[in-house]
Amino acid sequence: MRILIADDDVLSLRLLERTLERCGYEVTAVQNGRVAAEHLCRHDGPRLALLDWVMPELDGPAVCRQVRQKRQQVYVHMVLLTSKESKQDVIEGLESGADDYLIKPFDSAELKARLRTGLRILQLEDRLVEAREDMRFKATHDPLTGLFNRGIIMDLLSRELSRTHRENGCTTILLGDVDHFKDVNDTLGHIAGDEVLREVARRMVASVRSYDYVGRYGGEEFLVVLNNCDASASLLRAEQIRRAIASVPVQTIRGPNSVTMSLGVISSRDWGLRPVEELLQEVDVALYKAKAAGRNCVKLASPHVPPNVLPQSLEGQSK
Amino acid sequence: MQPKDPTPEPIVNEAELLARVDNDTGLLRELIAIFKIEFPRHLSELREAIGQGNLKSVRKSCHTMRGMLLSLGATRATAAAAQLEQSGDSSDGAELKSALARFESEVMNLLPALEACVAKAGP
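The listed protein sequences derive, respectively, from chains A and B. Read in order, the letters of the first sequence are residues 1251 to 1569 in my numbering. Read in order, the letters of the second sequence are residues 776 to 898 in my numbering.
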C-alpha cells in the first residue's frame, strides 16, 4: 500500500519513513504541504496520508481541505500527526477533513494499528465501489451477451443522432437478425441457442470499431450504431459483420452449427433529421427486405422523400 | 503524602528512543547525523528571531525543534522547547531570553547523551 508522509522536520520524517517501510508500506516522503496536496490530488495518488500540522506553504489542515475538495472520485484516508495537542487543535484538525489525529511523538504500535484502521476503511470503500460498478453494469448490459441492453442502446442512438445533427455528421444504424433462430432453439435446445447468441454478439463486437455501439435489441435482434460512417462505408461494415457470422460455424454443446444474419442499414445522411422511431421503423423495413431476399444478406433503407424535406413536427427542432 | 521521586529526569529516555527506532541502531545513527546538521541551523534561526523580536519565527523554530527533540526522546529539552514556544506568545523580551538560556543549557549535553545511548545499544 502506498502512503504519503509530510513533515517539514527532516528527522521526524526519516523516522516515520523507516517505521512505515518496515511495515511494508511504499512511502512517499515530502517536506511541504503544497507538494503533499499535489501528490494526494492526483487521480493515481496515494490513498493513505500522514500529515504534520505546521508545514511550509500549506499546513496539514489546509492540505486536508484541498484534498477533500479536489479528489472526490476516490477516498483518501488522512491522519494528522502533530505535536499540537489541545482539544481545540484536535477538533480543528478533524473538522478540516482529517480522518484521525495522532499526537507526537508517535507510539509505533498505535500508529500501525490506526493505519490498519484506515486500510480497512479504504478496503470497504473499494468493495462498495466495486458493487456499485457491478450494479451499473447489470443495469446497462444484457446478461446473456454482455452487450448494451435495449434501453441503453436506444439512449446511445438518440444521443448520437442529436450530435450528428448538431455537427452535421453522419450516424448509421444496423439492425441485424439471426436467421432461423427459432429452429436453433427448437432443434438444438435453449442452451445451444444461448451459445449462438453469445458468439454472434462476440463476432459483431469484433467487427466494429471501438467507438461504435452494439446492443441487444430483442431476442435474436441486434442494433449497431456506427458513428461518423456514411452509407457506403456502413454497407461494407454490415457486410463484414454478415461474413464474420456466416464464415465459421458456431460451436455449441450440440456440435458446430452454421448461423447467418440478415441486416438492414440506414444512414442519417440519406434520411436527414428524422425521429429515432421513424429511422428504426425504416431500418426494420430494410431488414424485412433482406429476409425476403433469401436471408444472409444486407439491404440499405432508401428514403421515400428527399432528406431536405423535413416532417412539420421536426422543423422547429432543427432551428 | 507521597515523597517526591528524587531521581532527576534523564537527558534522553533511552528505552523510549530505542523502542521508537525499533532497536535499529543504524537508523538511530542516521537520526543523530540529521540532528547534528539540522538542530544548529534551527537554533541559529531561533536566536536571530529572538534578537529581531520576530515572535512568529520564534514559535515556528521552537515548534520544529520540539518535534525533533520529541522524536529523540529528549524529555527535558522538549519541555524547555515547549516553554520557549509558549514564551513566544508574549512580547516580553527578557522572558524570551531567559527561556532561551534554559533551553540552551538543556540541549548542551544532548548530543553526548545521544551518542552514549547509541554506543550502549551496540553495533
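All C-beta atoms, glycine included, are put in the ideal place defined by N, C-alpha and C. The model shown is predicted, which means the values in this text are computed figures rather than measured ones.
Check                                                                                                                                                                                   : Outcome
Which same chain residues, not among the five before or five after L875 of chain B, have their C-beta less than 8 Å away from its C-beta?                                               : L821, R822, I825, L859
To which residues does DSSP link A1256 of chain A through a beta bridge?                                                                                                                : A:V1280, A:L1301
Identify which residue in B:L793, B:R795, B:L806 has its Cα closest to the Cα of L886 of chain B.                                                                                       : B:L806
Just curious, the alpha helix (DSSP H) that F810 of chain B is in, first and last residue?                                                                                              : 800-827
Looking only at DSSP bridge pairs, what is H1391 of chain A linked to?                                                                                                                  : A:F1398
Can you list, in chain order, the residues of its chain with a C-beta nearer than 7 Å to that of N1558 of chain A? Leave out the 5 residues immediately preceding and following it.     : Because N1558 of chain A sits at a pLDDT of 49, beneath the cut-off of 50, its placement in the model cannot be relied upon, and the following sentence gives the value as read from the coordinates. Only G1522 meet the Cβ criterion.
Considering just the uninterrupted stretch of the beta strand (DSSP E) at K1549 of chain A, what are its terminal residues?                                                             : 1548-1550
In chain order, what are the residue ranges of uninterrupted alpha helix (DSSP H) at least 4 long that sit wholly in the segment 1332-1362 of chain A?                                  : 1337-1345
Give the range of the alpha helix (DSSP H) segment to which L1473 of chain A is assigned.                                                                                               : No alpha helix (DSSP H) holds L1473 of chain A; the beta strand (DSSP E) holding it covers 1471-1477.
Report the residues of the segment 804-830 of chain B with a CB closer than 8 Å to any CB of chain A, ordered along the chain.                                                          : E805, L806, I809, F810, E813
With DSSP as the reference, label Q1567 of chain A as helix, strand or coil.                                                                                                            : In this predicted model, Q1567 of chain A has a pLDDT of only 36, less than 50, meaning its place in the structure is not dependable; the value taken from the coordinates is given anyway. Q1567 of chain A falls in the helix class under three-state DSSP.
Would you say L802 of chain B reaches chain A, if we count a Cβ-Cβ gap shorter than 8 Å as a contact?                                                                                   : yes
For D1433 of chain A, which beta-bridge partners are listed by DSSP?                                                                                                                    : Note: D1433 of chain A sits in no beta bridge, so no partner.
Reducing DSSP to helix, strand and coil, say where D1427 of chain A ends up.                                                                                                            : strand
Quick one: Cα of H1293 of chain A to Cα of R1321 of chain A, how far?                                                                                                                   : 7 Å
To the nearest angstrom, report how far apart G863 of chain B and L830 of chain B are at their CA atoms.                                                                                : 5 Å
Using a threshold of 8 Å, state whether the C-beta atoms of V1329 of chain A and R1364 of chain A are closer than that.                                                                 : yes
Look up V1324 of chain A in the DSSP assignment and say whether it is helix, strand or coil.                                                                                            : coil
Taking all protein chains shown into account, do 16 or more other C-beta atoms lie within 10 angstroms of the C-beta of H838 of chain B, making it buried, or fewer, making it exposed? : buried
With DSSP as the reference, label P1499 of chain A as helix, strand or coil.                                                                                                            : coil
Pick out whichever of A:L1550, A:C1291, A:V1317, A:P1355 has its Cα sitting closest to the Cα of G1514 of chain A.                                                                      : A:L1550
Rounded to whole angstroms, what's the CA-CA distance from V1260 of chain A to I809 of chain B? Just pull it up for me.                                                                 : 7 Å
Please list the partners that T839 of chain B has in chain A, where partner means a Cβ-to-Cβ separation under 8 Å.                                                                      : D1258, D1259, V1304
Does the Cβ-Cβ distance between P1311 of chain A and E1342 of chain A come in under 8 Å?                                                                                                : yes
What is the rounded straight-line gap between the Cα of V1428 of chain A and the Cα of E1380 of chain A?                                                                                : 35 Å
Mind pulling the chain D residues with CB within less than 7 Å of G842 of chain B?                                                                                                      : The question asks about chain D, but that chain is absent: this structure's protein chains are A and B.
Is there a Cβ from chain A that is less than 8 Å from the Cβ of V772 of chain B?                                                                                                        : There is no way to answer for residue 772 of chain B, as the model of chain B reaches only from 776 to 898.
Can you tell me whether Q861 of chain B is buried or exposed, with buried defined as 16 or more other CB within 10 angstroms of its CB?                                                 : exposed
Three Cβ pairs or more, each shorter than 8 Å: is that satisfied between the segment 1442-1461 of chain A and the segment 1479-1492 of chain A?                                         : yes
Measuring alpha carbon to alpha carbon, tell me which of A:I1516, A:L1298, A:A1543 ends up nearest D1534 of chain A.                                                                    : A:I1516
Please determine whether the Cβ atom of M1305 of chain A lies at a distance below 7 Å from any heavy atom of the ligand GTP.                                                            : As far as ligands go, the structure on display features none, and thus does not contain the ligand GTP.
Is it buried or exposed, L1486 of chain A, if we count other Cβ atoms within 10 angstroms and call 16 or more buried?                                                                   : exposed
Find the residues of chain B that neighbour S1358 of chain A, judging by a C-beta separation of less than 8 Å, and give them in chain order.                                            : A794, R795, D797
Does the segment 1463-1475 of chain A come close enough to the segment 1420-1437 of chain A to have 3 or more Cβ pairs within less than 8 Å?                                            : yes
From the beta carbon of S846 of chain B, is the nearest beta carbon of chain A less than 8 Å away?                                                                                      : yes
Alpha carbon to alpha carbon, how far is L1372 of chain A from E1532 of chain A?                                                                                                        : 52 Å
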